[in-house]
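What follows is a set of notes on a single structure, which appears directly below.
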Amino acid sequence: MFDRNSVTIIWWTVPFRWIFWFATIFASLIGFFEVIGNYLSIQLPIEDFQQIAAALFSSGVGVIFLTNEKILNAHKNIKKIDSLSNRLAQLEASMTPDQLRELEKIEQTTEKLAEYGVDLDPWHENKLGKLARLAGRNKDAQRYFQQSYDNFLRLNDDKGQAEALNDLGRVERTFGDLNHSEELHNQSLQISTKIGYQNGIASSLGGFGSIAKTRGDLTEAERLWRESLAIRRESGNRKGEAASLLNLGDIVETRGDLAEAEQLYRESLAIRREIGDRGGEGAVLSHLGFIAKTRSDIDGAEQLFRESSTIYAERGWRDSEAASLINLGNIAKMRGALDEAERLYQESLAINRETGDITNEGVAIYNLGEIAEKRGALPEAKRLYQECLVIMRRIDDRGRVAGTLKKLGELMVTQGDIVSGNKIIEESHLIERDIGIPMIGGEFFEKYE
3 MFDRNSVTII WWTVPFRWIF WFATIFASLI GFFEVIGNYL SIQLPIEDFQ QIAAALFSSG
63 VGVIFLTNEK ILNAHKNIKK IDSLSNRLAQ LEASMTPDQL RELEKIEQTT EKLAEYGVDL
123 DPWHENKLGK LARLAGRNKD AQRYFQQSYD NFLRLNDDKG QAEALNDLGR VERTFGDLNH
183 SEELHNQSLQ ISTKIGYQNG IASSLGGFGS IAKTRGDLTE AERLWRESLA IRRESGNRKG
243 EAASLLNLGD IVETRGDLAE AEQLYRESLA IRREIGDRGG EGAVLSHLGF IAKTRSDIDG
303 AEQLFRESST IYAERGWRDS EAASLINLGN IAKMRGALDE AERLYQESLA INRETGDITN
363 EGVAIYNLGE IAEKRGALPE AKRLYQECLV IMRRIDDRGR VAGTLKKLGE LMVTQGDIVS
423 GNKIIEESHL IERDIGIPMI GGEFFEKYE
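Just add 2 to the spot in the sequence shown (first one is 1) and you have this note's numbering.
Written out as structure tokens, the structure is:
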């Protein structure tokens, strides 16, 4: 049995002391290089690594490294990054009914990582923004996109900057600020053109196309979406190709060519199903529902709208779910079920106000105006049409401005204010002739997806 003095003598006279220190330094160096490797992939602030380096060159290397709480916790939480990446990819590939809860868990993890000085790769931030936008959390989406843009800018990542700017442009369009949206898409286009990023160019052109359509310039919108489609086909971007086909079909349908629109929609649908894009499939089904409805196939339209609505609800896509509620409300209204239609419009309106979707908020208000008018509550109908008109003028949606003016003018004529009513109707016709969209009244409001 060794006594205390014997142990002390052995410590200083045999290689145990050197073995201990070698093992300690070796373990610390392994940990150091592992964390450095993680830094290169996730951008842990350099200040933390300076603390590690300082610890390595101090006495008691392993003890100081392991008792640095911030570094220890950051090092532990780094292990969550791969899990985050996989979970984000799974959410993007196939949304589930638990999408919102899963997204919240991921966000909580990223916030915890941030407390320890761990920054997510900007592409992860960007993906979080896309998921938040699909969930109708547009303010959160805007915050993530802005964070990713700022970090891409700091890292001189031109491709990332172009992607984030296009995403910010889409959010601004949802909020109704077309001028700012156009500016952001233009900034993105300049960067994508400089570096030859074809998908970025196609996305910017699509953004310009959507803005042109909202402003009533269908010729320019069609040109831009066809150009976007050509680029996406050439680059092999199947999901982007399907999106371009859908938007091109919407423009063709607005012009009244149902046969070509249906062909474009079905081509888009085939691609969506081929690549397993269930959310995109829901959007196409909804547009096929518009065509069925225009052809007076009410049962067929309702079935398509319900299929679409089910897909959106399963994935927690709040903005799209709200649009589907309007579509189903229109079917109920056509069947004379005004109470059911009103309930669906009110439900849609609540979601739109929650998500900040200003365009669809106006759409819901317009349709509530039609319900009030059908019930003979003309003052209430007039108030709702005027409220809708303010929104549509604010976002410069000229087609919907024209449709609202026409309804408002006709209502005023019915109330006996013939001179003012006819003046408003004439204003609607002037816009119609200017933008080249056939006057289809309330039907124009049913096509927002």
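Virtual Cβ for every residue (Gly too), placed ideally from N, Cα, C.
Are residue i and residue j touching if we call contact CB-CB under 9 Å?
| i | j | result |
| --- | --- | --- |
| G539 | E356 | Residue 539 lies beyond the residue range present for the chain, which begins at 3 and ends at 451; the question has no answer from this structure. |
| K241 | D279 | yes |
| I433 | G258 | no |
| R234 | E224 | no |
| I328 | A303 | no |
| I397 | I360 | yes |
| V365 | C390 | yes |
| G171 | E185 | yes |
| L407 | S430 | yes |
| I437 | G411 | no |
| T176 | N140 | yes |
| Y387 | G401 | no |
| G281 | L136 | yes |
| A164 | S183 | no |
| G131 | D123 | no |
| N354 | E363 | yes |
| L330 | I373 | no |
| D169 | F147 | yes |
| L413 | A383 | yes |
| L287 | L260 | no |
| S237 | A204 | yes |
| S206 | N188 | yes |
| S190 | L167 | yes |
Report buried or exposed for residue i, applying the criterion of at least 16 other Cβ atoms within 10 angstroms of its Cβ.
| i | result |
| --- | --- |
| L271 | buried |
| S298 | exposed |
| I32 | With a pLDDT of only 49 at I32, under 50, the local geometry of the prediction cannot be trusted, and the value read off the model is given with reservation. Classification of I32: exposed, given that the 10 Å Cβ count is below 16. |
| Y199 | buried |
| R317 | buried |
| G418 | exposed |
| R274 | buried |
| E344 | buried |
| E255 | buried |
| R435 | exposed |
| D301 | exposed |
| I253 | buried |
| N249 | buried |
| K409 | buried |
| I338 | Here residue 338 turns out to be Gly, not Ile, going by the sequence shown. With fewer than 16 other Cβ atoms within 10 Å, it is exposed. |
| K295 | buried |
| I393 | buried |
| I293 | buried |
| Q144 | buried |
| W319 | buried |
Going by C-alpha to C-alpha distance, which of the options sits closest to residue i?
| i | options | result |
| --- | --- | --- |
| A324 | L287, S422, E349 and A383 | E349 |
| N173 | A383, A261, G364 and D321 | The sequence shown places Val at residue 173, rather than the Asn named in the question. Cα-wise, what sits closest to V173 is D321. |
| L478 | T256, A263, I293 and S237 | Any answer about residue 478 is impossible in this case: the structure gives the chain only from 3 up to 451. |
| A404 | T216, D252 and V286 | T216 |
| G251 | E276, L266 and V286 | L266 |
| E283 | I313, K425, E342 and N168 | I313 |
| L220 | D399, K425, I420 and N424 | D399 |
| N2 | I197, K425 and I277 | For the chain, the structure presents residues 3 to 451; residue 2 sits outside this window and is missing. |
| N369 | G358, P381 and L351 | L351 |
Can you find a C-beta in chain C that's less than 9 Å from the C-beta of residue i?
| i | result |
| --- | --- |
| R337 | The structure shown has no chain C; it contains just one protein chain. |
**OP:** Mind the definition here: the segment 221-231 touches the segment 192-212 only if three or more C-beta pairs lie below 8 Å; say whether that holds.
**Re:** A contact exists between the segment 221-231 and the segment 192-212.
Original post:
Between the segment 143-159 and the segment 375-387, do three or more beta carbon pairs fall short of 8 Å?
Top reply: Contact fails: fewer than three Cβ-Cβ distances are below 8 Å.
**OP:** List in chain order: all unbroken alpha helix (DSSP H) runs of 4+ residues lying wholly within the segment 358-391.
**Re:** Correct list: 360-376.
Original post:
Unbroken beta strand (DSSP E) runs of length 3 or more, entirely within the segment 199-247: which are they?
Top reply: For the segment 199-247, there is no continuous beta strand (DSSP E) assignment of 3+ residues that stays within its boundaries.
Subject >> Ranges of the alpha helix (DSSP H) found wholly within the segment 115-195, counting only runs of at least 4 >> reply: Within the segment 115-195, the complete alpha helix (DSSP H) segments of 4 residues or longer fall at 124-136, 140-156 and 160-176, listed in chain order.
Subject >> alpha helix (DSSP H) segments (min. 4 residues) lying fully within the segment 291-334 >> reply: Secondary structure within the segment 291-334: the alpha helix (DSSP H) runs of 4 or more consecutive residues, fully enclosed, are 300-317 (chain order).
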